[in-house]
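Below is one structure, written out as structure tokens; the observations come after it.
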Amino acid sequence: MGLYYSYFKTIIEAPTFLNGLYLVMNDRLTEYPLVINTLKRFNLYPEVVLASWYRIYTDIMEFFGLPTKMCWSINRGEGMAAVDGCEGMGDPAYFYVTFVFLLNGLMMSLFFIYGTYLSGSRLGGMVMVLCFFFNHGESTRVMWTPPLRESFSYPFLVLQMLLLTHILRTRNPSRKAMWALGISNLCFMLPWQFAQFVLLTQVASLFASYILGYISPTKMQSLLVTHMITLAVCFVLMFGNSMLLTSFYASSLVSIWGIIALRDKFAEAFKPGLITWVMQGLVWVVSTVILKFMLSAIFGASDDAHISSLIKSKFTSYKDFDTMMYTCAAEFDFMEIETPLRYIKTLLLPINMLVVTVIAGRTIQDVVRFLREGEKYSVKPDDDDDEEPEMLAKGELVYHSLQLIAFTVLAMLIMRLKLFLTPHMCIMASLICSKQLFGWIGEKFKLHMMVFGILSIMAMQGAANLQAQWGIMGEFSNLPQEQLLDWIKDSTRPNAVFAGAMPTMASVKLSAGRPIVNHPHYEDAGLRERTKLVYAMYSRKSAEVVKRNLMQLEVDYFVLEDSWCTRRSRPGCSMPEIWDVEDPQNAGKVPLCTLMSRDSRPHFTTVFHNNVYKVLKVPKAAKDLR
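Given below as structure tokens:
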């Protein structure tokens with residue numbers, strides 16, 4: 000988190016906004032000695048926008064002589080220096096976090112509108128919002144990690160899906176609606192590199208709806224064009240980031256476009272029905288994979304290779320250093336069994352199962368009827384009618400159900416992605432108020448009474464969950480890291496280069512302003528190789544090899560953390576055990592980090608230590624050998 004905020008800090012502390020923008024686009028502190036465009040690499044548009052707003056705000060307030068913050072000195076007790084604490088929009092951290100929370104607060108209004116529109120009832124909007132709050136701990140991480148990309152990006156996905164629902168429901172969507180969809184799509188993609196994978200699931204869900212006959216070819220092509228234009232604009236704004244063009248998302252858009260363009264050929268080759276659907280699906284999968292790897296080879300892109308390896312490791316016994324760095328973290332492991340149990344306690348899972356069952360039942364009826372009647376049941380365009388034909392009118396419901404399935408698969412494979420699943424389950428829960436699905440219950444009063452009854456039962460566990468969320472209070476304190484950062488600022492040169500654990504390096508860059516060689520943004524192939532060189536300190540390799548690695552990276556100081564040497568989230572997941580997979584020839588030896596924690600000589604010199612951190616200086620003689 001500190002890494003992203005550090006660029007906001009860089010821009011607001013620069014003499015001018017343009018000077019700050021130049022510094023983040025020509026950054027030599029993050030991957031020393033490389034000069035990188037961090038705006039391109041780290042999706043920093045939110046920080047750029049917020050920094051510009053902050054500078055405008057402080058300039059205006061200063062011009063009128065108005066105070067922007069209130070500060071006080073905090074005495075922390077004997078032996079600890081006093082620190083300043085500030086409140087008000089003039090404080091950079093306060094300003095930054097306030098806008099993150101405002102954006103996510105506005106998202107709740109959007110959720111209400113979404114639930115109301117999808118279900119056709121304001122009660123549906125209320126159900127959606129209540130479900131979100133009753134399952135708040137499973138729905139978002141914004142209260143813990145404001146600077147993460149999802150905090151800026153996800154609200155725009157909600158807006159995009161709302162607009163998509165409107166387009167699917169409307170027979171002839173206006174050009175304004177398509178423009179709005181494209182803009183929201185762009186706002187979702189720009190802040191977050193992972194957005195392309197989410198949009199891949201969306202395009203796949205839309206394509207499945209098209210195959211089943213719930214989306215017309217013309218509308219599907221319009222949606223594809225919108226996605227393509229958005230992707231192209233994003234590619235330009237991200238300074239030609241090749242990861243966008245070589246993604247499965249980009250390849251999927253081209254593949255689906257080709258399949259729709261050749262739909263008449265499919266109709267000639269295969270009898271309309273199940274075989275045609277299966278063939279279209281197979282052609283989409285095969286052509287997408289082939290096109291993706293062709294583009295990766297052409298552009299020489301390998302930044303997303305770890306994603307393929309991660310997916311491979313989920314279904315096979317495959318392991319390597321990079322995949323284990325992910326899978327050994329709880330958030331990248333399979334979904335824990337407690338998560339669906341929590342969904343059951345708030346009735347979120349049972350309600351979703353009911354809604355999806357009703358939609359699936361009607362979809363199966365449509366499919367069976369189509370297979371029996373063939374062309375007689377196909378939809379015929381009628382330009383004079385603003386309402387969708389019977390089958391197409393259910394398009395948004397089928398899409399949302401398929402999207403739910405896609406998010407479920409993602410969340411089961413990678414627990415972190417339940418942050419997409421839970422809100423979407425809340426959206427689907429709003430459909431218990433839909434007359435289209437549950438009109439058979441009876442008049443409006445009966446349906447509403449049933450909904451209020453369900454909400455009452457949900458509230459029993461939901462209220463307890465809310466109390467638990469409100470009961471989480473405290474303040475952050477990390478004295479050992481504070482001592483480390485104070486020592487770095489007081490005892491090292493401003494251009495001294497540091498290496499160490501990725502989260503710690505982000506803090507070193509943010510608080511001490513020193514160059515670092517590795518950081519937590521693990522999505523770049525080059526950075527993964529750098530991190531492997533640095534993390535060799537936690538392997539069983541010889542000290543000579545590790546010293547050579549650090550010398551190669553021009554490191555002055557290595558920050559050693561004993562906890563990284565000993566802790567493990569589960570068997571096989573300590574750093575030395577992860578290295579045993581990568582470096583089996585040294586398995587069984589004492590880890591180098593253990594040896595260094597006892598005595599760093601003769602290869603390194605210990606220049607600082609406390610109960611958590613130990614700073615090892617790379618000998619100048621070693622650095623001079625390069």
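Quick note: the sequence shown, position 172, residue 171 per numbering that gives the first Met the number 0, numbers continuous.
Ideal Cβ placement from N, Cα and C applies to all residues, glycine included.
When DSSP assignments are scanned along the segment 492-545, the uninterrupted stretches of alpha helix (DSSP H) that are 4 or more residues long and fall wholly within it turn out to be 501-506 and 524-533. Taken in chain order, the complete alpha helix (DSSP H) segments of 4 residues or longer contained in the segment 27-93 are 37-41 and 44-62.
Counting of Cβ neighbours within 10 angstroms places Met242 among the buried residues, the total reaching 16 or more. DSSP, read as helix, strand or coil, puts Leu122 in helix. Looking at Leu198, Gly470 and Arg170, the one whose alpha-carbon comes closest to that of Leu156 is Leu198. By the 16-neighbour rule on beta-carbons within 10 angstroms, Ile363 is exposed.
In the same chain as Gln468, and ignoring 5 residues on each side of it, the C-beta atoms closer than 7 Å to its own belong to His135 and Gly136, in chain order.
Leu346 places its beta carbon 8 Å or farther from that of Ile440.
Your pair Thr287 and Ser251 checks out as a contact, with CB atoms roughly 5 Å apart and the cut at 8 Å.
In the three-state reduction of the DSSP assignment, Val157 falls in the helix class, which pools H, G and I. Taking 8 Å as the upper bound for CB-CB distance, Leu509 and Lys8 are in contact here, some 7 Å apart. Rounded to the nearest angstrom, the Cβ distance from Ser295 to Thr338 is 34 Å, too far for a contact under 8 Å. Secondary structure note for Phe314: its alpha helix (DSSP H) is the uninterrupted segment Ala304 to Phe314. Counted as a single uninterrupted DSSP element, the stretch harbouring Tyr612 is not any alpha helix (DSSP H) but the beta strand (DSSP E) occupying residues Tyr612 to Lys616.
Inter-segment contact for the segment 424-431 and the segment 107-119 is present: three or more beta-carbon pairs are separated by less than 8 Å. Separation of Ile59 and Pro45 (C-alpha to C-alpha, rounded to the nearest whole angstrom) is 21 Å. Shown here, Leu559 sits in a strand according to DSSP, grouped into three states. In the same chain as Gln159, and ignoring 5 residues on each side of it, the C-beta atoms closer than 6 Å to its own belong to Ser183, Asn184 and Phe187, in chain order. By the criterion of a C-beta distance shorter than 6 Å, Gln482 is surrounded in its chain by Asn609, once the five residues flanking it on both sides are discounted. Residues of the same chain with a CB within less than 6 Å of the CB of Cys327, apart from the 5 flanking positions on each side, are Ser568 and Cys572 in chain order. By the C-beta density criterion, Lys291 is buried, having at least 16 other C-beta atoms within 10 angstroms. Around the C-beta of Thr229, 16 or more other C-beta atoms lie within 10 Å, and the residue is accordingly described as buried. With contacts defined by Cβ atoms closer than 8 Å, Ala405 and Ala203 form a contacting pair. Asn548 is a Cβ neighbour of Leu532, given a cutoff of 8 Å.
With a 10 Å radius around the Cβ and a threshold of 16 neighbouring Cβ atoms, Leu205 comes out buried. Classified as exposed, Ser562 has fewer than 16 neighbouring CB atoms from the shown chains inside 10 Å of its CB.
According to DSSP, residue pairing for His608 in a beta bridge involves Lys613. Going by C-alpha positions, Glu474 is about 12 Å away from Trp143.
Trp178 counts as exposed, since fewer than 16 other C-beta atoms from the protein chains shown sit within 10 angstroms of its C-beta.
Shortest Cα-Cα distance from Leu615 to any of Thr565, Glu581, Gly452 and Asp555 involves Asp555.
Between Leu102 and Phe151, the C-beta gap is smaller than 8 Å, which places the two residues in contact. Distance from the CA atom of Ile310 to the CA atom of Thr322, rounded to whole angstroms, is 9 Å.
In the three-state reduction of the DSSP assignment, Arg547 falls in the helix class, which pools H, G and I. Relative to Met127, the option among Val606, Ile453 and Arg513 whose CA is nearest is Ile453.
With fewer than three CB-CB distances shorter than 8 Å, the segment 536-550 does not count as touching the segment 47-56. In this structure, the beta-carbon distance from Asp523 to Arg40 falls below 8 Å.
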